[in-house]
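Peer 1: The sequence shown begins at 2 in the working numbering and counts up by one.
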Amino acid sequence: MKNKIILSLALTLSLGAFEIENMPDVTQRTQPDTSTTSVYSYNNSIKHAIMAVVNISTQKKIKSSLQNNPMFNDPFFQQFFGDLYNQVPKDRIERALGSGVIVSPDGYIVTNNHVIDGASKILVTLPDSSKEYNATLVGTDPDSDLAVIKIDKKDLPYIKFANSNNVLVGDVVFAIGNPFGVGETVTQGIISALNKNGMGINNYENFLQTDTSINPGNSGGALIDTRGALVGINTAIISRSGGNLGIGFAIPSDMVKNVVNQLIKDGKIQRGYLGVGIQDINNDLRDSYNNHEGAVVISLEKDSPAKKAGLMVWDLITEVNGKKIKNSAELKNLIGTLKPNSTTTLKILRDGKEQTITLNLAERNTEKNNNPVNTKNNDEGELKGLRVESITPQMRQQYNISNSIQGVIITSVAEDSPAQEAGFNQGDIIAQIENISIKNTADFTNAINKFKGKSKRILVYTRNGVKTIVTK
C-alpha cells in the first residue's frame, strides 16, 4: 500500500499552514423556543456540516489462494489441463464504502483507519457531486482507529471542532455519513454516555456513546452538535444483526484533533511510554487504598521509565501532571497523549502515603510495548513466514468474524515463503491443528511444538469458507 499511496511533495510543503478551527465553548439550553405557528428545525444549524462529510470508496487487491499454489504456475499443468487452468480464480478487487470529514478548506479529511486499511486506491466523492477524487494517504493511527487522507481541491467546506470535554449526557447530536452506500444521510439522537472504555474496539478508548442511528458505511462520518460543530467521529456500533440498535460509539473531537494534528505534521503518532502493567481497583483492593481512585501498578517493564523512577508493584497512580486518574483506561489514554521524552509528574499512593514521582517518558514502541495482542512468528517447516495474532473484539467487528469461530488470525505471510506455498493467506483463521483446538497464540505454539517435524492437518477458516491444509 505504501508503494501505491504516497504523499505528494505539494502536500509536504503545505503542512506548516494546517490548523484545525475550533468552535467557541457553549452553555446548554434546557428549552427550545416554540410557537403554534412554527416548527423547530435544525436545518440552518447543520446544513454546512452536511456539505463537509464525504463518501469514501476503497479498492483492495485480493490474491487468489489457489494461484499461490506452485502447481498452477507449472507450464506443463497449464498446457495439459487447458480450460481447467483458465477457470482458476484470478486476483480480485474488493471494494468497500465509508465516510470521512473535511477538516480544512485545502482538502484534509479525517476518517476511520479501518475504512482505508490495506486499500490500494482511495476515492472520495463530495456531497451533491458524482465526481471522484483520488486521495493520498497522509497517515494512520490504528491504535485510535483514525486516519487522515487528502484530496487535491481548494476552498472546500469544512467542519469546525467542538470541545468534547464540554459534552454532556442528554445533548442533542446528529450523525452524518453514508450508511449502506445510499448517500449523505442525517440521523438524530442524544449523547447516552461519556468516557466509555474497555470495549475492546481500539487500544485507546474514550468513546462518546450515542443512540443516534449509526449503520455500516457511517464509519468515519461526523457526530455533530446542534450548531454543526464536530463532537466526534463515528466509529463502531454494538449489534447482533449488523444493523442499528441504538448503541453507537464516536471518538471524541479532542482525541481526533490531537491525532489529526500529529499525522499531518509528522505522518505518524508518537506516544509516551511509561512501562507499567495496570489494572482497575477491584473490590478486594478497595480497602487497601482507602477508597481512592486510580490505576494499580501490577507489573513493571525492564529498563522502563517507571522502573527507573522507582515505581513499585501495588503503587496506585492517582494523578498525572495534576490531572486526577479514575481508572487504568484513563491513565493509558492520558499517557498516550503525552510526547516521548516529556517530563511527567505522577502522584501515587504507596502503603497509605502519597508520594510524587517525576520522570521522563520514553517512546512507545508498538511492536514491543503493546500488550493487548499476542503475536507469534513461526519459523518451522511449511509454516515458516507465517505471523499470527490472537483474535481481539476489535478484529471480530472490523472483519465481521463470528463469535462462534475460535482461533488465531494470520496477519502476514512472507512473499515466496513455505507458508505462502502451502496455501496460507493473510486474514485466514487457524482453528485447529490435528486434535488441538486453537483459541490463542499459546495454543498455536503448543500445537506446533507437539507436532514439530510431523505431518499435521490444519483446519483453516477463509473468507470463502473452510479448507484443510496438510503440512509434512
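Beta carbons are placed, not taken as given, at the ideal position from N, Cα and C, and that holds for glycine.
Pull up the distance between the alpha-carbon of H49 and that of M200, whole angstroms please.
Peer 2: As a position in the sequence shown, residue 49 is number 48, starting the count at 1. As a position in the sequence shown, residue 200 is number 199, starting the count at 1. Distance between the alpha carbons of H49 and M200: 33 Å.
Peer 1: With contact counted as at least three CB pairs below 8 Å, one residue from each stretch, are the segment 171–191 and the segment 320–328 in contact?
Peer 2: no
Peer 1: In terms of residue numbering, what span does the alpha helix (DSSP H) encompassing A448 cover?
Peer 2: The sequence position of residue 448 within the sequence shown is 447, counting from 1. It spans T442 to K451 - the alpha helix (DSSP H) in which A448 sits, taken as one unbroken run.
Peer 1: Let me know the secondary structure DSSP gives P306 once reduced to three states.
Peer 2: For the purposes of this step, residue 306 is taken as the residue at position 305 of the sequence shown. DSSP places P306 in helix when its eight states are reduced to three.
Peer 1: Kindly indicate the opening and closing residues of the beta strand (DSSP E) around Q189.
Peer 2: Numbered from its first residue, the sequence shown carries residue 189 at position 188. Q189 -> beta strand (DSSP E) spans T186 to K197.
Peer 1: Name the DSSP beta bridge partners of E435, please?
Peer 2: Reading the sequence shown from its first residue, position 434 is the one you call residue 435. BP columns for E435 are empty, so no partner.
Peer 1: Which class does A176 belong to by DSSP, given the choice of helix, strand or coil?
Peer 2: Start at 1 with the first residue of the sequence shown, and residue 176 comes out as number 175. Here A176 sits in strand by DSSP.
Peer 1: On the three-state DSSP scale, how would you describe Y109?
Peer 2: Taking the sequence shown and counting its residues from 1, the one referred to as residue 109 is at position 108. Strand at Y109.
Peer 1: Of all the alpha helix (DSSP H) runs that stay within the bounds of the segment 198–247, which reach a length of 4 or more residues?
Peer 2: none
Peer 1: Could you tell me the distance, in whole angstroms, from the CA atom of E435 to the CA atom of R458?
Peer 2: Taking the sequence shown and counting its residues from 1, the one referred to as residue 435 is at position 434. Taking the sequence shown and counting its residues from 1, the one referred to as residue 458 is at position 457. So the alpha carbons of these two residues sit roughly 5 Å apart.
Peer 1: Name the DSSP bridge partner or partners of I1?
Peer 2: The structure shown does not extend to residue 1, since the chain is modelled only from 2 through 473, so no value can be given for it.
Peer 1: Mark Y41 as exposed unless 16 or more other C-beta atoms lie within 10 angstroms of its C-beta, in which case mark it buried.
Peer 2: Here residue 41 is taken as the residue at index 40 of the sequence shown, counted from 1. Flag for Y41 reads exposed.
Peer 1: Could you tell me the distance, in whole angstroms, from the CA atom of Q263 to the CA atom of A136?
Peer 2: Translated into the one-based positions of the sequence shown, residue 263 becomes position 262. Translated into the one-based positions of the sequence shown, residue 136 becomes position 135. In a straight line, the C-alpha of Q263 is about 19 Å away from that of A136.
Peer 1: Can the beta-carbon of T211 be found closer than 8 Å to that of V257?
Peer 2: Here the question's residue 211 lines up with position 210 in the sequence shown. Here the question's residue 257 lines up with position 256 in the sequence shown. Not in contact: T211 and V257 (Cβ atoms no closer than 8 Å).
Peer 1: On the CB-based measure, 16 or more other CB atoms within 10 Å of its CB, does S220 come out buried or exposed?
Peer 2: To locate residue 220, count along the sequence shown from 1; it is residue 219. Its Cβ being crowded by 16 or more others within 10 Å, S220 is buried.
Peer 1: Taking only the alpha-carbon atoms, compute the straight-line gap between V461 and G218 and give it to the nearest angstrom.
Peer 2: The count along the sequence shown starts at 1 and reaches residue 461 at position 460. The count along the sequence shown starts at 1 and reaches residue 218 at position 217. Going from the Cα of V461 to the Cα of G218 covers about 29 Å.
Peer 1: Given this structure, state the Cα-to-Cα distance separating E61 from V54, to the nearest angstrom.
Peer 2: Walking along the sequence shown from the start, residue 61 turns up at place 60. Walking along the sequence shown from the start, residue 54 turns up at place 53. One detail in the question is off: residue 61 reads as Lys in this sequence, not Glu. Approximately 23 Å, taken between the alpha carbons.
Peer 1: With 16 other CB atoms within 10 Å as the buried threshold, where does G295 fall?
Peer 2: Stepping through the sequence shown from its first residue, residue 295 is reached at position 294. By the 10 Å Cβ count, G295 comes out buried.
Peer 1: For K455, count neighbouring C-beta atoms within 10 Å of its own C-beta (all shown protein chains included) and say buried if the count is 16 or more, exposed if not.
Peer 2: Position 454 of the sequence shown, counting from 1, holds the residue named residue 455. K455 is exposed by the Cβ-count criterion.
Peer 1: Excluding the five sequence neighbours on either side, which residues of its own chain have a C-beta within less than 7 Å of the C-beta of T414, listed in chain order?
Peer 2: Here residue 414 refers to the residue found at position 413 when the sequence shown is read from its first residue. In the sequence under discussion, the amino acid at residue 414 is Val, which differs from the Thr named in the question. Correct list, in chain order: G386, L387, A420, Q421, F425, N426 and Q427.
Peer 1: So what's D146 in DSSP terms, helix, strand or just coil?
Peer 2: By one-based count along the sequence shown, residue 146 stands at place 145. Looking at D146 - three-state DSSP - the assignment turns out to be coil, as it is neither helix nor strand.
Peer 1: I think I57 touches V125, with their Cβ atoms under 8 Å apart; what is that distance to the nearest whole Å?
Peer 2: As a position in the sequence shown, residue 57 is number 56, starting the count at 1. As a position in the sequence shown, residue 125 is number 124, starting the count at 1. Contact flag correct, Cβ pair sits at about 6 Å.
Peer 1: Roughly how far, in whole angstroms, is the beta-carbon of G168 from the beta-carbon of L127, given that I think they are within contact range, below 8 Å?
Peer 2: Position 167 of the sequence shown, counted from the first residue, corresponds to residue 168. Position 126 of the sequence shown, counted from the first residue, corresponds to residue 127. Note on identity: in this sequence residue 168 is Val, with Gly being the wrong assignment. Not quite, the Cβ-Cβ distance comes to about 28 Å (not below 8 Å), so this is no contact.
Peer 1: Return yes when the Cβ of G108 is within less than 8 Å of the Cβ of I152, no when it is not.
Peer 2: Taking the sequence shown and counting its residues from 1, the one referred to as residue 152 is at position 151. Taking the sequence shown and counting its residues from 1, the one referred to as residue 108 is at position 107. Cβ distance < 8 Å, so I152 and G108 count as in contact.
Peer 1: What did DSSP end up calling G337 once you bin it into helix, strand or coil?
Peer 2: Counting from 1 along the sequence shown, the entry for residue 337 is found at position 336. Of the three classes helix, strand and coil, the one that applies to G337 here is helix, per DSSP.
Peer 1: What number of angstroms, rounded off, separates the C-alpha of N361 from the C-alpha of L335?
Peer 2: Residue numbering aside, residue 361 sits at position 360 when the sequence shown is read from its first letter. Residue numbering aside, residue 335 sits at position 334 when the sequence shown is read from its first letter. Cα to Cα, the separation comes out at about 15 Å.
Peer 1: In three-state DSSP terms, what is E20?
Peer 2: As a first step, residue 20 is located in the sequence shown; it is residue number 19 there, counting from the start. Coil at E20, not helix or strand.
Peer 1: Mapping the DSSP letters down to three states, classify I117 as helix, strand or coil.
Peer 2: Here the question's residue 117 lines up with position 116 in the sequence shown. Looking at I117 - three-state DSSP - the assignment turns out to be helix.
Peer 1: I need the straight-line Cα distance from A310 to T319, nearest angstrom please.
Peer 2: Taking the first residue of the sequence shown as 1, we reach residue 310 at position 309. Taking the first residue of the sequence shown as 1, we reach residue 319 at position 318. Each residue's Cα considered, the two are about 16 Å apart.
Peer 1: Does the Cβ-Cβ distance between G466 and I431 come in under 8 Å?
Peer 2: As a first step, residue 466 must be located in the sequence shown, where it is residue number 465. As a first step, residue 431 must be located in the sequence shown, where it is residue number 430. No.
Peer 1: Report the rounded CA-to-CA distance for T344 versus R228, giving the unit in angstroms.
Peer 2: Translated into positions along the sequence shown, residue 344 becomes position 343. Translated into positions along the sequence shown, residue 228 becomes position 227. Distance between the alpha carbons of T344 and R228: 38 Å.
Peer 1: Following the continuous beta strand (DSSP E) through R397, name the residue where it begins and the one where it ends.
Peer 2: The residue labelled residue 397 in the question sits at position 396 within the sequence shown. First-last for R397: P394 to Y400, but that is the alpha helix (DSSP H), not the beta strand (DSSP E).
Peer 1: When every heavy atom of the ligand ATP is checked, does at least one fall within less than 7 Å of the C-beta of T357?
Peer 2: With respect to small molecules bound, the structure shown includes none, and the ligand ATP cannot be examined in it.
Peer 1: Contact defined as beta carbons within less than 8 Å: I believe V321 pairs with L301. What is the distance between those atoms, to the nearest angstrom?
Peer 2: Here residue 321 corresponds to residue number 320 of the sequence shown, with the count starting at 1. Here residue 301 corresponds to residue number 300 of the sequence shown, with the count starting at 1. In fact, because the Cβ distance is near 17 Å, the residues do not count as touching under 8 Å.
Peer 1: Which class does I282 belong to by DSSP, given the choice of helix, strand or coil?
Peer 2: If you number the sequence shown from 1, residue 282 lands on position 281. Coil at I282, not helix or strand.
Peer 1: Let's see if you can read the secondary structure: which residues bound the beta strand (DSSP E) around S413?
Peer 2: Locating residue 413 in the sequence shown gives position 412, where the first residue counts as 1. Element bounds for S413: V409 to V414.
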